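Structure record follows, encoded as structure tokens.
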Amino acid sequence: MANTKTKNAFVEFERVQKSYDGETLVVKDLNLTLSQGEFLTMLGPSGSGKTTCLMMLAGFETATHGDIRLDGVSINNIPPHKRGIGMVFQNYALFPHMTVAENLSFPLEVRKIGKSDREQKIMRALGMVQMQDFASRRPTQLSGGQQQRIALARALVFEPELVLMDEPLGALDKQLRETLQFEITRLAHELGITTVYVTHDQTEALTMSDRVAVFDDGRIQQLDSPDKLYEEPQNSFVAQFIGENNTLDGVIKEINDGVALVQLDGGDIIDAKPVNVTKTGERTRVSIRPERVEMDPGRLKPDAHTLKAEVMEFVYMGDLFRTRLRVAGIDDFIIKTRNAPDQIRLKPGEQIEIGWMTEDCRALDA
Amino acid sequence: MALPPYATFGQRVWHYSFRVICALIFIFLIAPIIVVMPLSFNAQDFFTFTPEMLRFDLDGYSLKHYDDFFTNNEWQRSLKNSLIIAPIATIISVSLGTLAAIGLSQSHVPFKGTIMAILISPMIVPLIISATGMFFFYSSLGNWMENNLGLDKNFVGYIKVILAHAVLGIPFVIITVTATLVGFDKSLTRAAANMGANPVTTFFRVQMPLILPGVISGGLFAFITSFDEVVVVLFVGSAGQKTLPWQMFTGLREQISPTILAVATLLVVISISLLTVVELLRRRSEKLRGMSPG
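Printed below as a string of structure tokens:
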């Protein structure tokens, strides 16, 4: 077992800490293992330490404590230019005084690769991003999306096994972002590259990654596959940060058989699945996804607790209806329903009853 | 900039007086330089326009002062001195000034403001004061070099003047290079390092080409400073290092010869060409940077 572990661990962070001023830790005790070919996204709000982690991996920042290993070798004392890691920057970082081909040639020249080999590799890399016709252009003559394609090709041209991406799509418009998200994941999987991707855009993280590490306050709050992350958040930060989420505060009345009875601050009692709460009397914040709220009590278990709700606002969004309700004393409880032919369109002021499956309502830390 | 139809009387007055003020500024700036040029073609050994010249009679004009400049030993020696001192001083200023500017642009350097102030002080302190200080400093330095290193007196003289001129040129390089570095995208050097380039390769292949316009402008200013400088060289140098401006200065005092005007004209032409180069380079760099993202 120990043997397979070292074999699969391509990138390892072990007890890594980082402090810029010697007092406050930007990264607190980071432990992370990536296997070869994996696409991992570091997701988090700004200042959560995700970019610092990426910079430590690239070698532009040094870890204050702990060990970072690449393919089993500690890289703490290896300068950035000897690490052989490809990187795509948020602002592309293409050399403005060189043409596209010269930009791609640069990493090959410093590796002393012969001219004919170079040309072949450059054309292949440009082919991967469908930019062969732009070899003689200068970066300033390209659009943002084209520049980012070139930056991607340049990060891949010297065939690194690990590629880092620092919010590469942050400066692009939505449509282009979606196209490039797809292209990046396709390339990463085709070439079998291990990718570490940093973003603050949760949609990007969910759609692109094999696993997502949610960062906050210098720690990984949860490291899981996108579906687990969305459906089974392990704490209220993750629940709140990923996707839209309804929260209700209350106190644990009892925990029985994997079901917690929560008394909400408004007095109502609901069932929830205890996640990181253990004791009776503990304060808790329950989290329910807007699309998992049920308006038809007939579709719930017969003994399920339900809540009374008053419709505050109904928003038509095309494919979805988004309804804002007042529930248990709070008036920003959202439910989302699909625009199906038989779907009820609620009107403000209507009184309804809502409920949910116990496992969709997660009792998390307050 | 046509006057709009609704302009008030005051605006009209300002509109025209603005043009007059601009014209006056240009006249005061350029006329003293322009007037030297025709005078340098004077056929007589005078500093005035002769009646022949005013009649545009070709006999009133000649190239004899230019001829004198190119054949006279005194002038040629001073030209040679200027052409030795200015380029070497420029190279020293450019190398040190560029390195200083890059160093001072790093965020972790302490006392940046103070260091910067000291480095550009030669530009701010009145020249005569720097020159006096340099006189004492470089004469002891020169004595030390002559006595302890056994160097030739004349050679030491050149070293002294070159170092003094390099010090005068450094502020220009620091200021122009710092200005170009402000727009320099740090992620470019990171990208280069990431692609496997060591710091030296990164500097010469990525950073240097991009800040080159600033380096060259600074270098040209440093060159012109040294090439035009008379005060410091009078204090620090000896007769063996007599430069062109020095020769002009003594020429003015001792033998009022229109050769000075010919030299002045040549210097003006050289300065204008050099400044044109600066301007073209600035435009080029602006084009490179203006269109790049970030």
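Residue numbers (my numbering), protein chains in the order written: chain A, 38 to 403; chain B, -16 to 277. In this text, a Cβ means the ideal position worked out from N, Cα and C, and glycines have one as well. Owing to the predicted nature of the structure, the values given are computational and were not obtained by experimental measurement.
Could you tell me which chain A residues have their CB closer than 8 Å to the CB of residue i, listed as they occur along the chain?
i               : result
D168 of chain B : N128 and A130
T184 of chain B : V147
Relative to the C-alpha of residue i, which candidate in the options has its C-alpha closest?
i               : options                           : result
G116 of chain B : B:D42, B:I75, B:E237 and B:V214   : B:V214
L224 of chain A : A:G121, A:G392, A:G74 and A:D302  : A:G74
S88 of chain B  : B:T159, B:E35, B:N126 and B:L66   : B:T159
P385 of chain A : A:D368, A:I325 and A:R256         : A:D368
I253 of chain B : B:T(-9), B:P93, B:E129 and B:F206 : B:F206
A162 of chain B : B:F210, B:S90 and B:T81           : B:T81
M106 of chain B : B:Q230, B:R266, B:R2 and B:S209   : B:S209
P176 of chain A : A:V194, A:P205, A:G366 and A:L141 : A:L141
S45 of chain B  : B:M20, B:Y(-11) and B:A69         : B:M20
L249 of chain B : B:S200, B:I17, B:G125 and B:A114  : B:I17
M135 of chain A : A:A162, A:G121 and A:R191         : A:R191
I187 of chain A : A:G229, A:L298 and A:E139         : A:E139
L94 of chain A  : A:K119, A:P82 and A:S83           : A:K119
Y129 of chain A : A:L209, A:V63 and A:F171          : A:L209
E51 of chain A  : A:M79, A:D58 and A:A100           : A:A100
P117 of chain A : B:P182, B:L12 and B:Y(-11)        : B:P182
G121 of chain A : A:R148, A:D170 and A:A309         : A:R148
Q277 of chain A : A:M160, A:Q167, A:P311 and A:L401 : A:L401
E220 of chain A : A:S246, A:D264 and A:F195         : A:S246
G202 of chain B : B:L66, B:W(-3) and B:S76          : B:S76
D108 of chain A : A:L71, A:P133 and A:H237          : A:L71
I325 of chain A : A:F358, A:I371 and A:A297         : A:I371
Mind listing the chain B neighbours of residue i? Cutoff is C-beta to C-beta under 9 Å, in chain order.
i               : result
M124 of chain A : R173, A174, N177 and M178
G121 of chain A : G179
F195 of chain A : M178 and G179
Mind listing the chain B neighbours of residue i? Cutoff is C-beta to C-beta under 7 Å, in chain order.
i               : result
H118 of chain A : A176, G179, A180 and N181
F50 of chain A  : Within 7 Å Cβ-Cβ: nothing; F50 of chain A doesn't reach chain B, min ~19 Å.
F171 of chain A : Simply none; closest approach about 16 Å.
In the DSSP assignment, what residue or residues form a beta bridge with residue i?
i                : result
T231 of chain A  : A:L199
P311 of chain A  : A:A400
D286 of chain A  : A:R322
T236 of chain A  : A:L80
F358 of chain A  : A:Y353 and A:T374
D104 of chain A  : A:E51
M124 of chain A  : A:L201
T70 of chain A   : A:E49
R248 of chain A  : A:L77
Y44 of chain B   : B:N25
G392 of chain A  : A:E331
K345 of chain A  : A:E390
Q89 of chain B   : In the DSSP output, where bridge partners are listed per residue, Q89 of chain B has none listed.
Q(-6) of chain B : Bridge partners of Q(-6) of chain B: none, in fact.
N293 of chain A  : A:V296
L301 of chain A  : A:G287
E306 of chain A  : According to the sequence displayed, residue 306 of chain A carries Ile and not Glu. Paired residue(s): A:Q300.
Show which residues of chain A have a CB atom less than 7 Å away from the CB atom of residue i.
i               : result
V189 of chain B : F132
Can you pull the chain B residues whose beta carbon is under 8 Å from the beta carbon of residue i, in chain order?
i               : result
F410 of chain A : A question about residue 410 of chain A goes unanswered here, because the residues of chain A that appear run from 38 up to 403.
A95 of chain A  : R173 and N177
Counting contacts by CB-CB distance shorter than 8 Å, is residue i in contact with chain C?
i               : result
Q277 of chain A : Reference to chain C is not applicable here, since the protein chains of this structure are A and B.
Is any heavy atom in the ligand FAD found nearer than 7 Å to the beta carbon of residue i?
i               : result
S240 of chain B : Questions concerning the ligand FAD fall outside what the structure shown contains, since it holds no ligand whatsoever.
Assess, as a yes-or-no matter, whether the stretch 193 to 204 of chain A is touched by the stretch 215 to 234 of chain A under the definition of 3 or more beta carbon pairs within less than 8 Å.
-> Contact between the stretch 215 to 234 of chain A and the stretch 193 to 204 of chain A is present, with at least three C-beta pairs closer than 8 Å.
Determine, using beta-carbon pairs with one atom in the stretch 227 to 237 of chain B and one in the stretch 174 to 186 of chain B, whether at least three such pairs fall under 8 Å.
-> Touching, no, given that fewer than three Cβ pairs across the two stretches are closer than 8 Å.
Interface positions of the stretch 141 to 167 of chain A facing chain B (Cβ-Cβ less than 8 Å), listed along the chain | Close to chain B, meaning a Cβ-Cβ distance shorter than 8 Å, are the following residues of the stretch 141 to 167 of chain A: F143, P144, V147 and R148.
Given 8 Å as the limit, is there contact between the stretch 134 to 149 of chain B and the stretch 53 to 62 of chain B, that is, 3 or more CB pairs closer than that?
-> No: the two stretches stay apart, fewer than three of their Cβ pairs being nearer than 8 Å.
Three or more C-beta pairs closer than 8 Å, one from the stretch 272 to 289 of chain A and one from the stretch 356 to 371 of chain A: is that the case here?
-> Result yes; three or more Cβ-Cβ pairs closer than 8 Å.
How about the stretch 234 to 248 of chain B and the stretch 24 to 36 of chain B: do they share at least three Cβ pairs that are nearer than 8 Å?
-> Counting Cβ pairs under 8 Å, three or more are found: they touch.
Counting pairs of Cβ atoms below 8 Å between the stretch 249 to 260 of chain A and the stretch 369 to 382 of chain A, do you hit three or more?
-> The answer is no - the stretch 369 to 382 of chain A does not touch the stretch 249 to 260 of chain A, with fewer than three Cβ pairs under 8 Å.
At least 3 beta-carbon pairs within less than 8 Å: the stretch 59 to 66 of chain A vs the stretch 84 to 98 of chain A | Because the criterion of three Cβ pairs below 8 Å is met, the stretch 59 to 66 of chain A and the stretch 84 to 98 of chain A touch.
For the stretch 342 to 349 of chain A against the stretch 309 to 326 of chain A, are there 3 or more C-beta pairs whose distance is under 8 Å?
-> Contact fails: fewer than three Cβ-Cβ distances are below 8 Å.
Should the stretch 255 to 265 of chain B be called in touch with the stretch 35 to 49 of chain B, which here means at least 3 C-beta pairs below 8 Å?
-> In short, these stretches do not touch, since the Cβ pair count stays below three.
Are there three or more Cβ pairs, one per stretch, closer than 8 Å when the stretch 351 to 358 of chain A is compared with the stretch 298 to 310 of chain A?
-> Short answer: they don't touch.
Below 8 Å, can you find three or more Cβ-Cβ pairs linking the stretch 387 to 402 of chain A to the stretch 324 to 336 of chain A?
-> Judged by pairs of C-beta atoms under 8 Å, the stretch 387 to 402 of chain A touches the stretch 324 to 336 of chain A, as three or more such pairs exist.
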